[in-house]
Amino acid sequence: MWLDTPKRYGLISRTLHWTMAYLLIWQFVVILTWRLFGDREWVRTVTSLGPGHGTVGLLVIVLVVIRAIWWTVNRNRRPVQSTTIAGHAAIVVHASLYLLMFGIPALALLRAYGSGKGWEPWIPATGVEVSWMMAPADFLHSLLAWGLSVLIAGHVTMALVHRFALNDQTLGRMAGRLGRATTDEEAMTGRTAGRDLKAASQTKADQLRREPLCNACQRPRGLSCGCCFG
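Residue 1025, in the numbering used here, is where the sequence shown stops; the numbers in between run on with no holes.
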């Protein structure tokens, strides 16, 4: 339940995944709300209901590090990625997501320190402005953030495609029941075993109907009939 298995992700991986999903969705909702409606009283009220912009960034960095460690611990237990072109593309997208989730807030923290203003209580104010620390975030922070939003949208879209178009259990590995098998192979194996058992039972019944029965015990004549054998 807690650990990952080849069939599905465990509770710890799911908690990390959906916590990060909430933080990122909240971050983009707040940004879009401010851009669309500007500095209004109701906007301030709504955005105050969740964590602030900088807090979300710091939490995401911490969660990315924790999830990377957890991935290392569970790397031999996790569901195996497909070896198809789509599977390799998924690996590249996931790696890009994690690099951006770490890099974007890291650049912002570097800018906060380089500005000399700091960010209490995490980054002390030095009062000295360092331009080379500020330049990368000034140039890349917003651009990379929108790139991250595109990757997230693609990630969500493909999860829904797997669920509703391809009808496989890719989404179920992270969102399905923890106690239920979620692999297509296992489901197919179960269906095949059921069909084989049914076919074997039908074959046995057909054989019994074809063989002559003993008048005494009403069992097929031969080795299975002790009263008339020989």
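We put the beta carbon where it would ideally sit given N, CA and C, even for glycine. This one's a predicted model, so the numbers in the text were calculated from it and none came from an experiment.
The beta carbons of His-848 and Val-825 sit closer together than 8 Å.
Leaving aside the five residues that flank Met-796 on each side, the residues in its chain whose CB is nearer than 8 Å to its CB run, in chain order, Gly-805, Leu-806, Leu-973, Gly-974.
A straight line joining the alpha-carbon of Ser-843 with that of Ile-880 spans about 43 Å. Three or more beta-carbon pairs separated by less than 8 Å are not found between the segment 921-928 and the segment 959-974, which leaves the two stretches without contact.
Annotation: Pro-919 to Asp-834 spans about 28 Å, alpha carbon to alpha carbon. In the three-state reduction of the DSSP assignment, Trp-866 falls in the helix class.
Cα atoms of Thr-952 and Leu-811: separation of roughly 20 Å, rounded to the nearest angstrom. Secondary structure of Trp-914 (DSSP, three-state): strand. For Ser-891, the CB contacts under 8 Å within the same chain, skipping 5 residues up- and downstream, are Leu-946 in chain order. Between Leu-854 and Leu-819, the C-beta gap is not smaller than 8 Å, which leaves the two residues out of contact. The shortest CA-to-CA distance from Pro-801 to any of Glu-836, His-889, Asn-869 is the one to Asn-869.
Ser-808 has its alpha-carbon roughly 19 Å from the corresponding atom of Ser-877. In this structure, the CA atom of Pro-916 is about 16 Å from the CA atom of Arg-906.
For Asn-871 and Tyr-908, the gap between their C-alpha atoms comes out near 39 Å. If you check the CB distance, Leu-895 and Gly-942 come in under 8 Å. Shown here, Tyr-804 sits in coil according to DSSP, grouped into three states, outside any helix or strand.
In terms of Cβ geometry, Val-851 and Gln-822 form a close pair [threshold 8 Å]. According to the DSSP assignment, Trp-837 belongs to the alpha helix (DSSP H) that extends over 836-842. Measuring C-alpha to C-alpha distances from His-936 to each of Ser-910, Ala-903, Leu-955 identifies Ala-903 as the nearest.
Distances from the CA of Ala-901 to each of Ala-884, Val-887, Gly-913, Ala-932 were compared; the closest alpha carbon is that of Ala-932. Within 10 angstroms of the beta-carbon of Leu-858 lie 16 or more other beta-carbons, which makes it buried. Residue environment analysis places Ala-884 among the exposed positions, since fewer than 16 neighbouring C-beta atoms fall within 10 angstroms of its C-beta. Of the residues Pro-846, Trp-829, Tyr-893, the one whose Cα lies closest to the Cα of Ile-864 is Tyr-893.
Contact check for Arg-862 against Asp-799 fails: the beta carbons are separated by 8 Å or more.
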